[in-house]
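Okay, so here's the structure we're looking at.
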Amino acid sequence: MSAGYRTRPVLRNVSLSFGPGLHLILGPNGAGKTTLFRVLSGILRPTQGQVRILGRDPYVDVAVKAQVGVAAHRAALAQRLTVAGNLHYWCLVLGMQKAERLRRVHEVLDLLDLGPIADQRAGRLSRGQAQRVSLARAMLGDAQVLLLDEPFAGVDPQVAVQLRGHLRSLARAGRTMLVSTHELAEASEIGDDVTVLRDGRVIGQGSPAQLRGSLVGAGYRLRIKGGAGLADALGRAGYRPEPSGDGLIVAVADEQAAQKLLAELITAGVGITEAAPAANPLEELYLHLQEGAQ
Amino acid sequence: MKPEPVTADRPLRLIRALAWRTRTEGVRYLFIPVAMFAAVITLAIVTSLTGTGHINGAKALAAFAERYGAHADAVTVGIGLLLGPGLVALFSCMSVAQLVRNLIGAEASRGGIEALLAAPYRPGTIMTALLGYVGAVATLYWVGMSAIAALALAAVTWSTGATVSLTASYLLAALIVPLLASWAATGLALLANLLYPQLAQAGSYGINTGGAGMAGLPAMLPGLGVLFVFLFWASSVSAGELLGVAGGTVAAVAVTGVATIARRFRPDAVLES
Numbered sequence: 091m092s093a094g095y096r097t098r099p100v101l102r103n104v105s106l107s108f109g110p111g112l113h114l115i116l117g118p119n120g121a122g123k124t125t126l127f128r129v130l131s132g133i134l135r136p137t138q139g140q141v142r143i144l145g146r147d148p149y150v151d152v153a154v155k156a157q158v159g160v161a162a163h164r165a166a167l168a169q170r171l172t173v174a175g176n177l178h179y180w181c182l183v184l185g186m187q188k189a190e191r192l193r194r195v196h197e198v199l200d201l202l203d204l205g206p207i208a209d210q211r212a213g214r215l216s217r218g219q220a221q222r223v224s225l226a227r228a229m230l231g232d233a234q235v236l237l238l239d240e241p242f243a244g245v246d247p248q249v250a251v252q253l254r255g256h257l258r259s260l261a262r263a264g265r266t267m268l269v270s271t272h273e274l275a276e277a278s279e280i281g282d283d284v285t286v287l288r289d290g291r292v293i294g295q296g297s298p299a300q301l302r303g304s305l306v307g308a309g310y311r312l313r314i315k316g317g318a319g320l321a322d323a324l325g326r327a328g329y330r331p332e333p334s335g336d337g338l339i340v341a342v343a344d345e346q347a348a349q350k351l352l353a354e355l356i357t358a359g360v361g362i363t364e365a366a367p368a369a370n371p372l373e374e375l376y377l378h379l380q381e382g383a384q
Numbered sequence: 012m013k014p015e016p017v018t019a020d021r022p023l024r025l026i027r028a029l030a031w032r033t034r035t036e037g038v039r040y041l042f043i044p045v046a047m048f049a050a051v052i053t054l055a056i057v058t059s060l061t062g063t064g065h066i067n068g069a070k071a072l073a074a075f076a077e078r079y080g081a082h083a084d085a086v087t088v089g090i091g092l093l094l095g096p097g098l099v100a101l102f103s104c105m106s107v108a109q110l111v112r113n114l115i116g117a118e119a120s121r122g123g124i125e126a127l128l129a130a131p132y133r134p135g136t137i138m139t140a141l142l143g144y145v146g147a148v149a150t151l152y153w154v155g156m157s158a159i160a161a162l163a164l165a166a167v168t169w170s171t172g173a174t175v176s177l178t179a180s181y182l183l184a185a186l187i188v189p190l191l192a193s194w195a196a197t198g199l200a201l202l203a204n205l206l207y208p209q210l211a212q213a214g215s216y217g218i219n220t221g222g223a224g225m226a227g228l229p230a231m232l233p234g235l236g237v238l239f240v241f242l243f244w245a246s247s248v249s250a251g252e253l254l255g256v257a258g259g260t261v262a263a264v265a266v267t268g269v270a271t272i273a274r275r276f277r278p279d280a281v282l283e284s
């Protein structure tokens, strides 16, 4: 499907499918992550193609939106209401009766450890606390699909660890969760798979390891001594060496490829300065995307 | 199999939620505009009755009018009868503009409208609910301000020793036209904030454009219109004609505003802003 706004198209011919589990949506600013979430949550209608949530079109069949919990980038809490008040308000928006409302609010407060701040006004919450309340609100309807737009943005590391734990347990419970994030260190630890968006197009989808191989080839990084002649020879062999100081850097997909190249280089008498795994495969991936966008 | 969740797509459910939020946030805040109106009216009456020869004192004003043959008491009460409905209309419309700015403009910038659009409601249902909620609050404003205006007129009448005998047609015009104006303001405020949401965003047209207040300006027009119509026409046309012309005009504005929103509202316009 394709989607966008009156004055600008954003998503172009995107074709995706997600089942139960935790799926990461990764991409630089303006890649279309938020627009994708707006289409999936039935706020925007695709300009072309179709979207199905549990087999139904969320823009037309609004009842299915009750099965989709959304925590947008902005927490959008009522500032003068307490944490519990915000959750009660949202239960009323969802049309819950009083008994069910009380039960659900109690459950999500417990689940996300929000009990201690339940009576605190939303206007006085820290960014991390507001994000947790936003997540709690998304879960009030016991939704099978959760869309979380940058839940780690501005959250301190301790809260991020807690949030990560909550997300993992929700995914284990069989929910389908889509999480967009710029926090790459977090993303590499929690996702079952990653979908990479750039300029409104999907440029990769798979596990972090698969993407490492198919998109960047940066699972291992070799720093070697040599000049243009060696770079040409490596290029003819299918590698993409990049100049660095008085040597070259060669990125390879995995450990096996690194061993093979190392053996060949040693046999050829090339000096090896460093051979190490890439610090963070998603970091490498993201940098690659940024370079491409520029 | 898991039971199908309750379908929430009914305007009354959303209005109920908004009413609960209003009550929980503090009903007293709802009546701040009414209190402001009461303060302005009180200030006007006190200034008028305690004036000692200055042009803004009621006695001086009456004496000024007597030069041209008008009876003093009648002039004082007449000013109240001419200004009262217009002031009620103007303050109601200003209050509605402020309410809609909070409900749409401020909520949109915090992501509240996006959250509502992601809830199990059609955009049309959300618009209907917002219209119903703002219309109900506008009616509350009108009730409170009309009561205060009536009390103020009674106080002036009593303190000046005047007697008035109002006709049913004047009462109808004085009550109904401001109510219609506040409903027209509801339609215009929602129209401006939903169809042109940039107007509600402070600074979106530069630093010299009045900021977020621009979206509220159209909503004040019905109030200003009623003020001027009562001030300049009420003495020369019958109350029935006033009700027909002014009431008909603001009712048409209200209907046009609502119809335009229903036809042209697109969620992506609010999201883009």
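So the protein sequences, as listed, match chains A and B.
Counting in the numbering used here, the first sequence runs from 91 upward without gaps.
Counting in the numbering used here, the second sequence runs from 12 upward without gaps.
All C-beta atoms in this analysis are idealised placements derived from N, C-alpha and C, irrespective of residue type, glycine included.
Inter-residue CB distance, residue i and residue j (contact presumed, cutoff 8 Å)
i, j, result
"Thr-150 (chain B)", "Leu-190 (chain B)", "7 Å"
"Pro-233 (chain B)", "Ala-100 (chain B)", "7 Å"
"Ser-224 (chain A)", "Ala-161 (chain A)", "4 Å"
"Leu-199 (chain A)", "Ala-174 (chain A)", "7 Å"
"Trp-194 (chain B)", "Ala-129 (chain B)", "At roughly 29 Å, the Cβ-Cβ gap does not stay under 8 Å, so Trp-194 (chain B) and Ala-129 (chain B) are not in contact."
"Val-148 (chain B)", "Leu-186 (chain B)", "Rounded, the Cβ-Cβ distance is 18 Å, inconsistent with contact."
"Val-235 (chain A)", "Gln-157 (chain A)", "6 Å"
"Leu-254 (chain B)", "Ala-161 (chain B)", "Incorrect: roughly 18 Å between the Cβ atoms, too far for contact."
Closest by C-alpha distance to residue i, when choosing among the options
i, options, result
"Gly-309 (chain A)", "A:Ala-366, A:Leu-338, A:Ala-220 and A:Gly-159", "A:Ala-366"
"Asp-336 (chain A)", "A:Asn-176, A:Thr-363, A:Glu-354 and A:Thr-271", "A:Thr-363"
"Leu-287 (chain A)", "A:Ser-131, A:Pro-331 and A:Ala-121", "A:Ala-121"
"Val-175 (chain B)", "B:Leu-164, B:Ala-126 and B:Leu-183", "B:Leu-164"
"Gln-346 (chain A)", "A:Lys-315, A:Arg-311, A:Gly-325 and A:Ala-156", "A:Arg-311"
"Ile-339 (chain A)", "A:Lys-350, A:Glu-354, A:Ala-321 and A:Gln-349", "A:Ala-321"
"Val-342 (chain A)", "A:Leu-101, A:Leu-352 and A:Val-360", "A:Leu-352"
"Tyr-149 (chain A)", "A:Pro-241, A:Val-292, A:Gly-132 and A:His-163", "A:Gly-132"
"Pro-22 (chain B)", "B:Leu-238, B:Ile-137, B:Ala-185 and B:Arg-274", "B:Ile-137"
"Asp-209 (chain A)", "A:Val-152, A:Asn-176 and A:Phe-127", "A:Asn-176"
"Ala-166 (chain A)", "B:Ile-90, B:Arg-121 and B:Ala-108", "B:Arg-121"
"Asp-20 (chain B)", "A:Arg-170, A:Leu-130 and A:Met-186", "A:Met-186"
"Thr-71 (chain A)", "A:Val-141, A:Leu-112, A:Gly-111 and A:Arg-217", "In the structure displayed, chain A extends from 91 to 384; residue 71 (chain A) sits before or after that span and is not available."
Chain B within 8 Å of residue i, Cβ atoms only
i, result
"Ile-314 (chain A)", "no"
"Val-183 (chain A)", "yes"
"Val-100 (chain A)", "no"
"Gly-307 (chain A)", "Its pLDDT being 49, under 50, Gly-307 (chain A) is placed unreliably by the model, and nothing is read from it."
"Lys-155 (chain A)", "yes"
"Ala-412 (chain A)", "Limits of chain A in this structure are 91 at one end and 384 at the other, which puts residue 412 (chain A) out of reach."
"Ser-131 (chain A)", "yes"
"Gly-175 (chain A)", "yes"
Backbone CA spacing between residue i and residue j [nearest angstrom]
i, j, result
"Ile-207 (chain A)", "Leu-253 (chain A)", "16 Å"
"Ala-49 (chain B)", "Ala-158 (chain B)", "10 Å"
"Ser-103 (chain B)", "Tyr-152 (chain B)", "6 Å"
"Gly-317 (chain A)", "Val-104 (chain A)", "42 Å"
"Gln-221 (chain A)", "Leu-201 (chain A)", "14 Å"
"Ala-30 (chain B)", "Asp-283 (chain A)", "43 Å"
"Arg-39 (chain B)", "Gly-97 (chain B)", "25 Å"
"Val-240 (chain B)", "Ser-180 (chain B)", "16 Å"
"Met-225 (chain B)", "Leu-235 (chain B)", "16 Å"
"Thr-357 (chain A)", "Ala-368 (chain A)", "24 Å"
"Gln-219 (chain A)", "Pro-99 (chain A)", "34 Å"
"Leu-242 (chain B)", "Arg-112 (chain B)", "29 Å"
"Ala-261 (chain A)", "Leu-238 (chain A)", "13 Å"
"Val-188 (chain B)", "Leu-94 (chain B)", "13 Å"
Within-8 Å CB hit, residue i to chain A
i, result
"Leu-128 (chain B)", "yes"
"Trp-169 (chain B)", "no"
"Gly-172 (chain B)", "no"
"Leu-142 (chain B)", "no"
"Thr-139 (chain B)", "no"
"Pro-278 (chain B)", "yes"
"Thr-197 (chain B)", "no"
"Gly-123 (chain B)", "yes"
"Arg-24 (chain B)", "yes"
"Glu-283 (chain B)", "yes"
"Tyr-132 (chain B)", "yes"
"Ala-211 (chain B)", "no"
Status (buried if at least 16 other CB within 10 Å, exposed otherwise) for residue i
i, result
"Thr-271 (chain A)", "buried"
"Ala-263 (chain A)", "exposed"
"Thr-266 (chain A)", "buried"
"Ile-66 (chain B)", "For Ile-66 (chain B), the pLDDT reaches just 47, beneath the cut-off of 50, and the residue's location in the model is therefore unreliable, although a value from the coordinates is still provided. Exposed is the call here."
"Ser-106 (chain B)", "buried"
"Phe-242 (chain A)", "buried"
"Ala-200 (chain B)", "buried"
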